[in-house]
Structures are given as C-alpha cells and as structure tokens.
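Take a look at the structure below.
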Amino acid sequence: YGFITIALTYFQLSVEDHRWWWRSVLCGGSTAAFIYSYCFYYFHARSEMDGLLQTSFFFGYMFCVCWVFFVMLGSVGWRASLWFIRKIYRAIKAE
Numbered sequence: 003y004g005f006i007t008i009a010l011t012y013f014q015l016s017v018e019d020h021r022w023w024w025r026s027v028l029c030g031g032s033t034a035a036f037i038y039s040y041c042f043y044y045f046h047a048r049s050e051m052d053g054l055l056q057t058s059f060f061f062g063y064m065f066c067v068c069w070v071f072f073v074m075l076g077s078v079g080w081r082a083s084l085w086f087i088r089k090i091y092r093a094i095k096a097e
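Numbering (the numbering used here), first residue to last: 3 to 97.
The structure is reproduced here in structure tokens:
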C-alpha cells in the first residue's frame, strides 16, 4: 500500500500540487471502502442472515473493522509518503 501511495504522491507533486497530506491518507485507507462494499455483496449473496438485529450487528461490526483498516492503512500510506517526501527533498541541492 505504501508503494501505490508513494506513486500517487509523486504524480501529485509532478503537477505542482503540494497538498499531499490528506490525499496520502485517503489513498492508503481507500481499501477499507472496498472491504465495506464487499460486505454488502457477502451479506446479500452468501450469508443466510436476515432480520434487523443480525443486519445491524453485521454492518455495525464491519464498519468498525473497516474503520480500523482505514486508520491503519491510511497511516501506513501517510508515513510512506512522508518518508518519500523527505528523501527527495534531501536530495535537492540548493545552490
């Protein structure tokens, strides 16, 4: 996840958009949205669950799990982008 976020940060810096902080978090954490959308498919196509209580527990717990994934992968993406930014700016020689 860090490599993709670094590539997207590089493309963003290439077009002279230096606001990379939140975008690196969102790019890293966007996998959580895919996981949550897969939960809808799983609930309707594969599971035998029905009723309000099972539905609310399933989607409530999966929201919590996906939030943890978003925070975890978003912070990995942010740290990877921060490392990359520091690395390329140290290589610039000001004369």
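Heads up, the beta-carbon is just placed ideally off N, CA and C, and yes, glycines get one too.
| Asked | Found |
| --- | --- |
| Nearest neighbour of VAL67, chosen from ALA35, PHE5 and ARG21 [CA to CA] | ALA35 |
| Counted within 10 angstroms of its Cβ, other Cβ atoms place VAL70 as buried (16 or more) or exposed | exposed |
| Span of the alpha helix (DSSP H) around SER77 | 54-93 |
| ALA9 versus GLY53: straight-line alpha-carbon distance, rounded | 44 Å |
| Nearest residue (CA-CA) to SER83, options VAL27, SER58 and ARG48 | VAL27 |
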